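Structure first, then comments.
Residue numbers (our numbering): 68 to 290.
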């Protein structure tokens with residue numbers, strides 16, 4: 068019996084800046100099902116869709132980095148199966164990166180380096196605000212809530228998550244230059260945002276389960 072389309076193609080949404088690009092990963096040429104698709108397969112398709120070379124890509128799924136060019140074990144990263152990260156049909160994966168022609172020179176003028184450092188410090192304030200918003204949104208989800216309150220809480224979490232992804236993209240777009248303090252600060256901010264993304268996603272899942280339970284109870288009592 069022929070395999071279904073779901074076995075042969077993994078459909079995801081690539082989020083690149085303000086763009087949302089449907090991406091189809093065809094497994095018919097690699098043998099096996101979608102569970103055999105790797106980060107390398109995804110990276111190749113991303114290159115075809117965006118013209119951003121693999122060595123300029125950073126792929127993020129649910130706040131976790133699937134692949135970035137400065138990883139020490141790039142080959143190992145590319146050979147990781149997407150299924151090991153839990154990637155499924157319809158999921159969103161964020162792309163950070165620039166085309167080769169857009170890459171900055173390795174040793175920019177001092178004024179440019181200083182400007183980037185100042186911009187990073189501005190983004191640090193944005194990260195601190197995001198952390199406060201995330202903590203507040205999580206607290207608002209606690210305790211017994213009715214259906215409307217849960218839905219409102221979920222919207223708040225989604226907004227925080229979207230804002231965090233935007234700030235993460237802005238941070239990643241800044242060149243690290245040769246400034247050790249700059250690199251440490253950027254890494255710290257990225258780790259902080261990814262931790263908050265994990266918290267948001269966990270809380271959104273819990274709220275979604277509560278909403279589903281209340282909706283099921285409402286339908287059951289109404290029948």
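Every residue, glycine too, gets a C-beta built ideally from N, C-alpha and C. Nothing here was measured: the structure is a model prediction, and the numbers come from that model.
Around the beta carbon of residue 122, a 10 Å sphere encloses fewer than 16 other beta carbons of the protein chains shown; the residue is thus reported as exposed. With respect to the C-alpha of residue 268, the residue from 248, 188 and 204 having the closest C-alpha is 204. About 11 Å separates the CB atoms of residue 162 and residue 112; that is not less than 8 Å, and the two are not in contact. Rounded to the nearest whole angstrom, the C-alpha separation of residue 102 and residue 119 is 25 Å. With respect to the 9 Å criterion, residue 242 and residue 183 are classified as neighbours on the basis of their beta carbons. Burial is judged here by how many other beta carbons sit within 10 angstroms of a residue's own beta carbon; residue 157 has fewer than 16 and is exposed.
Under the three-state reduction of DSSP output, residue 79 falls in the strand class. For residue 209, there is no enclosing alpha helix (DSSP H), since its DSSP letter is neither H nor E.
By the Cβ-count criterion, residue 286 is exposed, with fewer than 16 other Cβ atoms from all chains shown falling within 10 Å of its own Cβ. Note that the C-beta distance between residue 80 and residue 92 is not below 9 Å. For residue 150, the closest of 189, 134, 104 and 129 by C-alpha to C-alpha distance is 104. It is roughly 13 Å from the alpha-carbon of residue 108 to the alpha-carbon of residue 143. If you compare the alpha carbons of 153, 253 and 237 with that of residue 164, the shortest gap goes to 237.
In the three-state reduction of the DSSP assignment, residue 205 falls in the helix class. Taken through DSSP and simplified to helix, strand or coil, residue 225 comes out as helix.
Between residue 128 and residue 154, the C-beta gap is smaller than 9 Å, which places the two residues in contact. Around the beta carbon of residue 221, a 10 Å sphere encloses 16 or more other beta carbons of the protein chains shown; the residue is thus reported as buried. Under the rule that a run must span 3 or more residues, the beta strand (DSSP E) segments found entirely inside the stretch 100-160 read 124-128 and 131-135.
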